[in-house]
Ligand code: FIX
Ligand code: ZN
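What follows is the structure in structure tokens.
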């Protein structure tokens, strides 16, 4: 029986849609950079089309030889992908749909695709200046802040940072440390070349140098957290260099600065090296390592996301058990509407209001438009159901509760986790 103080379904739906549209997003993991990072910034229709998700799809659909594909100039590659996935077939995949959402939201007509229409789209992008275009895209996507992925061991990126770039407050930094954690002994030589005497024996002097590297780069970038992606077989603790570097360098440096350490678990890099960046796969991980990491380092804050669908339930349960763990996003191969819906529903049921349902992982600036448009639709659907279920109990659902929940999901929960001091 419906109660006098229960909102009608249309009213509830309106509150959820309103809150999702008006709340500005804190996009907590992307691969985007501001215009003054020069070659690192990526935007425009050619970049959208040559996104690695679409490279994988077009190579597979066309049957082209890898060599022939990589031999093409980037512009020809974009045309090839447009022809293969948008002209010769229905662009049904989520990554294809994403390109069309972006073009439509920029005011372009996608109703009669042809090679000529691709050239017309290119015309619009040629007219843009990166600075003004960044403003326009972030406004269209209603994204307030994007968190970058910053690896100082990448020579191009290091040069940008060492030049002391003026900071755009909308682009926050994250110190990414995959090679530093997983690349021993080779990474010892890389650090040495940069002036850190981090010999591969990982003795106490070497470890002090790894800490110095981390501290200096956290400081230089004003990093808001430290992050790594891990394979499905990641195990903690064990007798690997990764465990030692975590325990003796990463965790102390993060602890002293109250920075979270983000673990993105489940990627099998280069399962098909011929596809380059598009060649990574995934696998189910043993999340008992995550439990041990959180439980044995109670003074550290952790963030986690997992790549395998099969790990999502365990991750949500881990989020319940460890107050120092923040569950975030539907990462990469689970960033598809069907899986976002399943995962978000389960997280609401297990974690209530305390998680971040999504991050964009955008690599091309324009992608924030579609990644957030599509995710908002799914999060909205789940929230309407969940608030309706709540109202069904007789609880009075208010607009203020809906707004507060959406604010937490899209922005505030992450901000508050960053600020939280563990007792
Ligand atoms: O490790 C990561 O941060 C991954 O998100 C990327 O490396 C991956 O290639 C990607 O773009 C996923 O969306
Ligand atoms: Zn990423």
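In this note's numbering, the protein residues as written are 0 to 422. Just so you know, even glycine gets a beta-carbon here, dropped at the ideal spot from N, CA and C. These figures come from a predicted structure and were not determined experimentally.
Checklist entry - Starting from residue 345 and walking both ways along the alpha helix (DSSP H), at which residues does that stretch end? => result It spans 336–350 - the alpha helix (DSSP H) in which residue 345 sits, taken as one unbroken run.
Checklist entry - Using the beta-carbon count (16 or more within 10 Å), is residue 423 buried or exposed? => result Any answer about residue 423 is impossible in this case: the structure gives the chain only from 0 up to 422.
Item to check | residue 279: CB within 8 Å of a non-hydrogen atom of the ligand ZN | outcome: The answer is no for residue 279.
Checklist entry - Does the beta-carbon distance from residue 283 to residue 265 come in below 9 Å? => result For residue 283 and residue 265, yes; Cβs fall inside 9 Å.
Next on the checklist: Can you tell me which residues form a DSSP beta bridge with residue 25?
Outcome noted: Paired residues: 144.
Item to check | Cβ shell of residue 409 (< 6 Å), same chain only, five flanking positions each side left out | outcome: Counting only Cβ-Cβ distances below 6 Å, and skipping sequence neighbours, we find 22 and 24.
Item to check | Beta-carbon contacts of residue 178 that lie in its chain and below 6 Å, excluding the five residues immediately before and after | outcome: 152 and 186.
Checklist entry - Below 9 Å between beta carbons: does that hold for residue 171 and residue 146? => result Cβ atoms of residue 171 and residue 146: closer than 9 Å.
Checklist entry - Taking just the CA atoms, how far does residue 49 sit from residue 72? => result Their Cα atoms are separated by approximately 11 Å.
Checklist entry - Near residue 267, what residues of its chain come up, given a Cβ to Cβ distance below 7 Å and the 5 sequence neighbours on each side ignored? => result Correct list, in chain order: 230, 231, 279, 280, 281 and 282.
Next on the checklist: Which same chain residues end up closer than 6 Å to residue 123 when comparing Cβ atoms and leaving out the 5 residues on each side of it in sequence?
Outcome noted: Excluding residues within five positions, none has a Cβ falling inside 6 Å.
Checklist entry - Are the beta-carbon atoms belonging to residue 298 and residue 323 less than 9 Å from one another? => result In terms of Cβ geometry, residue 298 and residue 323 form a close pair [threshold 9 Å].
Next on the checklist: Distance check for residue 378 and residue 388, CA to CA, integer angstroms please.
Outcome noted: Using only the alpha carbons, I get a separation of about 15 Å.
Checklist entry - Enumerated in chain order, which unbroken segments of the beta strand (DSSP E) with a length of 3 residues or greater are wholly contained in the stretch 124–210? => result If only uninterrupted beta strand (DSSP E) runs of at least 3 residues are considered, those enclosed by the stretch 124–210 are 142–146 and 170–175.
Item to check | Alpha carbon of residue 419 to alpha carbon of residue 363, nearest angstrom | outcome: Straight-line spacing of the CA atoms in residue 419 and residue 363 works out to 31 Å.
Checklist entry - What does the shell around the ligand MN hold, if a residue joins when its beta-carbon is under 5 Å from any heavy atom? => result The ligand MN is not part of the structure shown, which contains the ligand FIX and the ligand ZN as its ligands.
Item to check | Inter-residue Cα distance where the pair is residue 33 and residue 169 | outcome: A straight-line Cα-Cα distance of about 8 Å links residue 33 and residue 169.
Item to check | Simplified DSSP state of residue 424, which is helix, strand or coil | outcome: No answer is possible for residue 424: it lies beyond the span of the chain, which begins at 0 and ends at 422.
Next on the checklist: Alpha carbons only, please: which of 306, 100, 356 and 331 is nearest the one belonging to residue 325?
Outcome noted: With distances taken between Cα atoms, residue 325 lies closest to 356.
Item to check | Selected residue, minimal CA-CA separation from residue 495, among 380, 302, 328 and 224 | outcome: Because the chain in this structure spans residues 0 to 422, residue 495 falls outside the shown range and cannot be described.
Item to check | Close beta carbons around residue 36, own chain, < 7 Å, minus the five adjacent residues each side | outcome: Hits under 7 Å: 159 and 164.
Next on the checklist: For residue 260 and residue 110, what's the separation of their Cα atoms in angstroms?
Outcome noted: Rounded to the nearest angstrom, the two C-alpha atoms are 45 Å apart.
Checklist entry - beta strand (DSSP E) containing residue 223: first to last residue? => result Taken as a continuous stretch (DSSP letters only), the beta strand (DSSP E) holding residue 223 covers 222–229.
Next on the checklist: Quick check on the DSSP output: the alpha helix (DSSP H) that includes residue 80 runs from which residue to which?
Outcome noted: Element bounds for residue 80: 73–80.
Checklist entry - How many Å lie between residue 396 and residue 9 at the Cα? => result One alpha carbon belongs to residue 396, the other to residue 9, and they sit about 13 Å apart.
Next on the checklist: Short of 6 Å in beta carbon distance, which residues of its chain neighbour residue 234, apart from the five on each side in sequence? Order them along the chain.
Outcome noted: Around residue 234: 288.
Checklist entry - What number of angstroms, rounded off, separates the C-alpha of residue 214 from the C-alpha of residue 154? => result When rounded, the distance between both Cα atoms is 19 Å.
Item to check | Identity of the residue in 242, 370 and 318 nearest residue 139 by Cα | outcome: Selected option, being the one with the closest Cα: 370.
Checklist entry - Can you check whether the CB of residue 293 is closer than 9 Å to the CB of residue 250? => result Inclusion of residue 250 and residue 293 in the CB contact set at 9 Å is not warranted, their separation being larger than that value.
Item to check | Cα-Cα separation between residue 76 and residue 398, rounded to whole angstroms | outcome: Going from the Cα of residue 76 to the Cα of residue 398 covers about 48 Å.
Checklist entry - Thinking C-alpha only, which one of 339, 295, 351 and 366 is nearest residue 316? => result Of the listed residues, the one whose Cα sits closest to residue 316 is 351.
Checklist entry - Can you name the residues that DSSP bridges to residue 326? => result Per DSSP, 303.
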